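Step one of this worksheet: look at the structure below.
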Amino acid sequence: MSVGDWIKNNQVWKSIFRHPAPRDRRNRVVVMLTNVFLHLHPVSVRKSGIALSYTWCMGGLTFFLFLVETVTGVLLMFYYRPTLEHAYNDILSLRDVTTLGILREIHRWGAHAMVIAIWLHMYRVFLTGSYKPPREFNWSVGVILLVLTLLLSFTGYLLPWDQLAIWAITVGSNMARATPFLGHEGPGAALLNVGGVPLIHSGSDARFLLLGGKFVSGETLLRFYVLHCVAIPLAVAVLIAIHFWRVRKDGGISGAL
Amino acid sequence: MAHGSLTSPVQNGLGVYYILCALMSVGFGVYQVRQRSRFAALLAFAWAGLFGFHAAAYLAHQGWVIPHSVTHLVDAYTNAISYFVVSTVAFAVLLIFRKPLTEPNVAWTLMNLTLLAFGWSLTNYDFRDIVAKPDNVPIVMLLAAVGYFTWLPLRRAVLNDDLIAAGKPVLEKDDEKVLVWPDLVYTELIAMIICTAILVVWGILLKAPLEAPATTARAPNPSKAPWYFLGLQEMLVYYDPWMAGVVLPTFIVIGLMAIPYIDFNQKGNGYYTFKERPFALIMFLYGFLVLWVVLIVLGTFLRGPNWNFFGPFETWDAHKVDPLNNVNLSDMFWLGLGSTPEQIAKAYGWFVREIPGIILTVLYFVAIPPLMAKTVFRNFFVKMGFLRYMTLMTLILFMTSLPLKMVLRWTLNLKYIVYIPEYFFNI
Chain A
9 MSVGDWIKNN
19 QVWKSIFRHP
29 APRDRRNRVV
39 VMLTNVFLHL
49 HPVSVRKSGI
59 ALSYTWCMGG
69 LTFFLFLVET
79 VTGVLLMFYY
89 RPTLEHAYND
99 ILSLRDVTTL
109 GILREIHRWG
119 AHAMVIAIWL
129 HMYRVFLTGS
139 YKPPREFNWS
149 VGVILLVLTL
159 LLSFTGYLLP
169 WDQLAIWAIT
179 VGSNMARATP
189 FLGHEGPGAA
199 LLNVGGVPLI
209 HSGSDARFLL
219 LGGKFVSGET
229 LLRFYVLHCV
239 AIPLAVAVLI
249 AIHFWRVRKD
259 GGISGAL
Chain B
685 MAHGSLTSPV
695 QNGLGVYYIL
705 CALMSVGFGV
715 YQVRQRSRFA
725 ALLAFAWAGL
735 FGFHAAAYLA
745 HQGWVIPHSV
755 THLVDAYTNA
765 ISYFVVSTVA
775 FAVLLIFRKP
785 LTEPNVAWTL
795 MNLTLLAFGW
805 SLTNYDFRDI
815 VAKPDNVPIV
825 MLLAAVGYFT
835 WLPLRRAVLN
845 DDLIAAGKPV
855 LEKDDEKVLV
865 WPDLVYTELI
875 AMIICTAILV
885 VWGILLKAPL
895 EAPATTARAP
905 NPSKAPWYFL
915 GLQEMLVYYD
925 PWMAGVVLPT
935 FIVIGLMAIP
945 YIDFNQKGNG
955 YYTFKERPFA
965 LIMFLYGFLV
975 LWVVLIVLGT
985 FLRGPNWNFF
995 GPFETWDAHK
1005 VDPLNNVNLS
1015 DMFWLGLGST
1025 PEQIAKAYGW
1035 FVREIPGIIL
1045 TVLYFVAIPP
1055 LMAKTVFRNF
1065 FVKMGFLRYM
1075 TLMTLILFMT
1085 SLPLKMVLRW
1095 TLNLKYIVYI
1105 PEYFFNI
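Protein sequences, first through last, are from chains A and B.
Sequence positions in the first sequence follow the working numbering and run 9 to 265.
Sequence positions in the second sequence follow the working numbering and run 685 to 1111.
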């Protein structure tokens, strides 16, 4: 008996993989049904529906890049502390000292790539009319995922705590100041007052909520860190699950039923 | 480094760039030989020769710099107006002449011309300074990807439209089913490996930027949002933050989510086509390509200190002065009647002062939809019903308000249509 046979006839192996290798038609079907990750896919698909010239693979790549960002992000969290005292220096040591500091490069370029990939995915889905019934709802879920992807990237932008970071976030979050009714420089905010005392001011408006202060500060860093590492990824993960599940329930990636 | 000179790393980089271009052309030539298309093969090899010549020159450090006569000419004629107008015209030309333009040999030639122009431009110090910033590299990649992924679906749409006209099944039509294992899972595996490899190489070649420690004491000029929001930041030139930064982005998101509920056209589901859904495609492509990507490029590469416009080869001079003498609609109106807006406001209050703009704005949103429903959109209105139609029109009116405001700014120097600083309500 060869080593390979010994491994495959072992109780441990058999307890994990309950069927032979997917070499014949039957087992190629069974493998899709018995593996939790593979069963995100259907068992069979239309041949034209998986052609690269049709799908561009952009949805799949967006998901893969999300996984890359998750893995590199978790590892980066070991080296990074979101405080005014440490943030910048931790990035410096990631660059200069830490073994595998390239993690930060991969995380940053992967984030850019994810933004590009998700745009191209939406572009393809639109151009093939794949949002049409019965897939209307899943398109809307996809739009939310797109917004969350941009927010993930935006919140991550602040974390290096360099000039690029705080000024980009300052420029971006200044918009919240002008939110109608909810920003202190927004139209209608002055109407929200009690006996002339304004409810919406620079210490209570939408921007204050976003930044945790009247300007980008240590509180903002903590807030963005938690959003970036915990809150948004959790929301994205749940929505991805819905997105994939609906692809299958709505009868594949595109085409009338 | 002195302007107008090429360092050896730059020459080496350009050499590698031209080698890659030449290799692509060789590949295309070999493909054409196999297709037995002699002229196309000859053309491809001629391109390969041209790129190869460039590669040899730059690798031997004998490369040349793009002539100043050219860069000065380009800078002299590019400004926010010409850039946006040319982009819009190019977009229209692309859609109207999509058949000849997406023909592989034509598209290939256009791409090579672009690559050549990009290579020559990179020899200019100021161009390179902006384009080669680590955080701007993704935008160059985005442009290449958007170019390719606009050609591909348009090409397939042209082919499919011909097939449909001839009564034949479209390219994507087949009833053959394949098993996901191995056909799809292996494609996914290969895609993941290639993606990982690209990320690792990218990470090794290009260090993630890290600037000086954050300080609120010194603001960089220009201060820019992350690149994917620069289209929105560009809108700030024409709109106040509450519109450009809050209302319009909200409408973009709502509008995108509403698309499947507005589009009643059941055709074109699952294949590329243009003729079966021209309206949906024109609207979406204009929004994505011109109002989003073109504005991002403008905001990233062509907006310098103080958000002034700079030509692609122009030095970002923080002291450049661009006189702004924009006026409000109420100024024009009341001054035209021999009064001043201040006098009107004093006598009758701000509402009367701004009444021309308020009427125009209300008319824009209230009068245009029924007018269109009676005329050009008669079919839409009948098929969509009131609610769908009004949603569509509101979204379209918000979308077109941006190019409209741009044109008003360029032609009439119009600042605000409605100007009520008392309530931060400026449109």
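A virtual CB, placed ideally from N, CA and C, is assigned to each residue, including glycine.
On a predicted model such as this, the values are computed, not experimentally measured, just so you know.
In this model, B:H1003 and B:A903 are separated by some 16 Å (Cα to Cα). Residues of the same chain with a CB within less than 8 Å of the CB of A:A95, apart from the 5 flanking positions on each side, are Y88, R89, L167, P168, W169 and L229 in chain order. Annotation: A:W14 to A:D32 spans about 21 Å, alpha carbon to alpha carbon. A:S52 carries a strand assignment under DSSP once its states are collapsed to helix, strand and coil. About 5 Å separates the beta carbon of B:A706 from that of B:G736, a gap short enough to meet the 8 Å contact definition.
Below 8 Å, too few C-beta pairs join the region 880-892 of chain B and the region 126-133 of chain A to call them touching: fewer than three.
Taking 9 Å as the cut-off, the beta carbon of B:T755 is found no closer than this to the beta carbon of B:G988. Excluding its 5 nearest sequence neighbours in each direction, A:F232 has C-beta neighbours in its own chain below 6 Å: T163 and L166, listed in chain order. Against chain A, a Cβ distance below 9 Å from B:F968 picks out Y131, F134 and L135.
In the three-state reduction of the DSSP assignment, A:V202 falls in the strand class, which pools E and B. In the DSSP assignment, B:L890 falls outside any beta strand (DSSP E) and carries neither an H nor an E. Residue environment analysis places A:D104 among the exposed positions, since fewer than 16 neighbouring C-beta atoms fall within 10 angstroms of its C-beta.
A:L102 places its beta carbon 9 Å or farther from that of A:L92. B:K1004 carries a coil assignment under DSSP once its states are collapsed to helix, strand and coil. DSSP places A:Y88 in the coil class of the three-state scheme, outside both helix and strand. Each residue's CA atom was taken as its position, placing B:V758 and B:S766 some 11 Å apart. If you look at B:L863, you'll find it in the beta strand (DSSP E) that goes K861 to L863. Separation of the CB atoms of B:S771 and B:V1005 is rounded to 26 Å, and the pair is thereby denied contact status at 8 Å. Counting only residues of its own chain and dropping the five nearest sequence neighbours on each side, B:L965 has a CB closer than 7 Å to the CB of F958. Looking from the CA of B:R1093, the closest CA among B:V884, B:L920, B:F833 and B:N696 belongs to B:L920. When C-beta atoms of the region 138-154 of chain A are compared with those of the region 859-867 of chain B, fewer than three pairs fall below 8 Å, so the two segments do not count as touching.
Not a single C-beta of chain B is nearer than 9 Å to the C-beta of A:W253.
Fully enclosed alpha helix (DSSP H) runs of no fewer than 4 residues occupy 1013-1020, 1025-1032 and 1034-1037 of the region 988-1040 of chain B, in order along the chain. Runs of the alpha helix (DSSP H) spanning 4 or more residues and lying entirely within the region 1052-1104 of chain B occur at 1052-1058 and 1062-1096, in chain order. In the DSSP assignment, B:F1109 is bridged to B:I1104. The bridge partners DSSP lists for A:P195 come to none. Distance from B:K1067 to B:F948 at the Cβ level is roughly 6 Å; contact confirmed, criterion being Cβ atoms closer than 8 Å.
Just so you know, the alpha carbons of B:I823 and A:R26 end up roughly 47 Å apart.
Within chain A, S148 and V151 have C-beta atoms less than 7 Å from the C-beta of B:M941, given in sequence order. If you draw a straight line from the Cα of B:A744 to the Cα of B:N992, it comes to about 39 Å. Beyond the five residues adjoining it in sequence on each side, B:K1099 comes within less than 8 Å, by CB distance, of N1010, V1011, N1012 and R1093 in the same chain, given in chain order. Separation of B:K852 and A:A59 (C-alpha to C-alpha, rounded to the nearest whole angstrom) is 20 Å. Residue pairing by DSSP places B:P897 opposite A:D170 in a beta bridge.
Identification of residues in the region 898-910 of chain B having a C-beta nearer than 8 Å to some C-beta of chain A yields A898, T899, T900, R902, A903, P904, S907, K908, A909 and P910, given in sequence order.
Going by C-alpha positions, A:K222 is about 29 Å away from B:I938.
Pairing B:L914 with B:L932 gives a Cβ-Cβ distance that is not under 9 Å.
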